[in-house]
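Q: The working numbering puts the first residue of the sequence shown at 42, with every later residue one more than the last. Where is the CB? At the ideal position from N, CA and C, for every residue including glycine. These numbers come from a predicted model, not from an experiment. There's a structure below that I have some questions on.
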Amino acid sequence: MTRRATDNTKALDAFIAAKTEIDAMLERLAALSADHFETHPDEINWGHAGTLEHYASLLKRITDSAFGEGEHAR
């Protein structure tokens, strides 16, 4: 029995589009982080700290899923 090759062109296009979108978001986040999230040390307050903790928690969900860690541990 021979297997028919499937055309995965559309899936590959969707994958590349999603990867491109992720790469652009990561680049923007890296630039924002390099600029200390557009804050000055003398202006930082608990609101800024809370916002970054929120961002970190969202990114942790992503990295846990991507690397099979946390609740996604295998």
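Taking the alpha helix (DSSP H) that arginine 102 falls in, what are its first and last residues?
A: Here residue 102 corresponds to residue number 61 of the sequence shown, with the count starting at 1. Unbroken alpha helix (DSSP H) run through arginine 102: 87-108.
Q: From the DSSP output, in three-state form, read off threonine 47 for me.
A: As a working note, residue 47 is residue 6 in the sequence shown. Residue state, collapsed to three classes: coil.
Q: Work out the CA separation of glutamate 94 and glycine 111 for me, nearest whole Å.
A: On the sequence shown, position 70 is the one that residue 111 refers to. On the sequence shown, position 53 is the one that residue 94 refers to. Taking the straight line from one Cα to the other gives about 17 Å.
Q: How many Å lie between asparagine 49 and alanine 58 at the Cα?
A: As a position in the sequence shown, residue 49 is number 8, starting the count at 1. As a position in the sequence shown, residue 58 is number 17, starting the count at 1. Roughly 14 Å separates the two Cα atoms.
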